[in-house]
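Chemist:
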Amino acid sequence: MIELDALVDAAAQLDPKTLTMSAVARELGVSTSALYRWVADREALLDLVSTTIAARILPGDRPTASTWRSWLTQWAHNVRQEFGGMPGFALRVLTGPHRPAGHDDLHRRGVDAFVAAGVEADHAHQCWYAFAIAVVAWVAAEQNPSPLGPEPMRF
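Quick note on the working numbering: the sequence shown kicks off at 50 and runs consecutively.
(1) Would a C-beta distance cut-off of 8 Å place residue 129 and residue 188 closer than the cut-off?
(2) Residues in the same chain with beta-carbon distance under 6 Å from residue 18, minus the five sequence neighbours each way, listed in chain order, please.
(3) If you run the structure through DSSP and keep just helix, strand and coil, what is residue 86?
(4) Under 8 Å, do residue 158 and residue 112 count as touching if we go by C-beta distance?
(5) What separation, rounded to the nearest whole angstrom, lies between the Cα atoms of residue 109 and residue 123?
(6) How is residue 182 classed by DSSP in three states: helix, strand or coil?
(7) Give me, in chain order, the residues of the same chain whose beta-carbon lies closer than 8 Å to that of residue 116; leave out the 5 immediate sequence neighbours on both sides.
(8) May I ask which residues mark the beginning and end of the alpha helix (DSSP H) holding residue 123?
(9) Is the CB-CB distance between residue 31 and residue 139 below 8 Å?
(10) Are the beta-carbon atoms belonging to residue 141 and residue 65 less than 8 Å from one another?
(11) Look at the Cβ atom of residue 68, then the Cβ atom of residue 60, and state whether they are nearer than 8 Å.
(12) Straight-line CA distance for residue 103 to residue 86?
(13) Less than 6 Å between C-beta atoms, sequence neighbours within five positions excluded: which residues of the same chain meet that for residue 71?
(14) Locate the alpha helix (DSSP H) running through residue 161, then write down its first and last residues.
As structure tokens, this is what we get:
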């Protein structure tokens, strides 16, 4: 029997661009057909990975007026820690077409953090997207060498 976390971790270790059900099965030491008990196909597997990771990076508490800054900091730290060991995953988050339902709570709490900071609700959505994209893009840039040279980015 395959454990959900083992399946997600095995799939997350592989490059999403070249991930196959066979490669994940090999990583887990099971038959490819065993994976189909969990997911219908490769895209469903990638959605499962994305939804599970979204739940892992979400700080446990809800952001408040006194905790919004630390909540965003913790979220960014969680993204870097979780995505750091998953080659290509940050880039997929930035460029992939996936938006599983599992991201709704993450989005809602991110917006709540900016509202708690005093940003108007309409603008809080934009602030959350800009913040989330910047954090994920930073991880993607760390994982994918820049064509500008080997020196790390400095801001």
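A virtual CB, placed ideally from N, CA and C, is assigned to each residue, including glycine. Computed from a predicted structure; not experimentally measured.
Modeler: Let's see:
(1) Residue numbering aside, residue 129 sits at position 80 when the sequence shown is read from its first letter. Residue numbering aside, residue 188 sits at position 139 when the sequence shown is read from its first letter. Going by C-beta atoms, residue 129 is nearer than 8 Å to residue 188.
(2) Because the chain here runs from 50 to 204, residue 18 falls outside it and cannot be looked at.
(3) Within the sequence shown, numbered from 1, the residue matching residue 86 stands at position 37. Reduced to three states, the DSSP call for residue 86 is coil.
(4) For the purposes of this step, residue 158 is taken as residue 109 along the sequence shown, with counting starting at 1. For the purposes of this step, residue 112 is taken as residue 63 along the sequence shown, with counting starting at 1. Contact flag set, yes.
(5) Taking the first residue of the sequence shown as 1, we reach residue 109 at position 60. Taking the first residue of the sequence shown as 1, we reach residue 123 at position 74. Between residue 109 and residue 123, the C-alpha separation is close to 10 Å.
(6) Locating residue 182 in the sequence shown gives position 133, counting from the first residue. Three-state DSSP puts residue 182 in a helix.
(7) What you label residue 116 is simply residue 67 of the sequence shown in a count that begins at 1. Excluding five sequence positions before and after residue 116, the CB atoms of its chain that fall closer than 8 Å to its own CB belong to 110, 165, given in chain order.
(8) As a first step, residue 123 must be located in the sequence shown, where it is residue number 74. 117 to 133 is the extent of the alpha helix (DSSP H) around residue 123.
(9) Limits of the chain in this structure are 50 at one end and 204 at the other, which puts residue 31 out of reach.
(10) Taking the sequence shown and counting its residues from 1, one reaches residue 141 at position 92. Taking the sequence shown and counting its residues from 1, one reaches residue 65 at position 16. Yes, Cβ-Cβ distance for residue 141 and residue 65 is below 8 Å.
(11) In the sequence shown, the residue the question calls residue 68 occupies position 19. In the sequence shown, the residue the question calls residue 60 occupies position 11. Their beta carbons are under 8 Å apart, which means residue 68 touches residue 60 by this criterion.
(12) Position 54 of the sequence shown, counted from the first residue, corresponds to residue 103. Position 37 of the sequence shown, counted from the first residue, corresponds to residue 86. Going by C-alpha positions, residue 103 is about 22 Å away from residue 86.
(13) Along the sequence shown, one-based indexing puts residue 71 at 22. Sequence-distant Cβ neighbours of residue 71 in its own chain, meaning closer than 6 Å and more than five residues away, are 81.
(14) For the purposes of this step, residue 161 is taken as the residue at position 112 of the sequence shown. 153 to 165 is the extent of the alpha helix (DSSP H) around residue 161.
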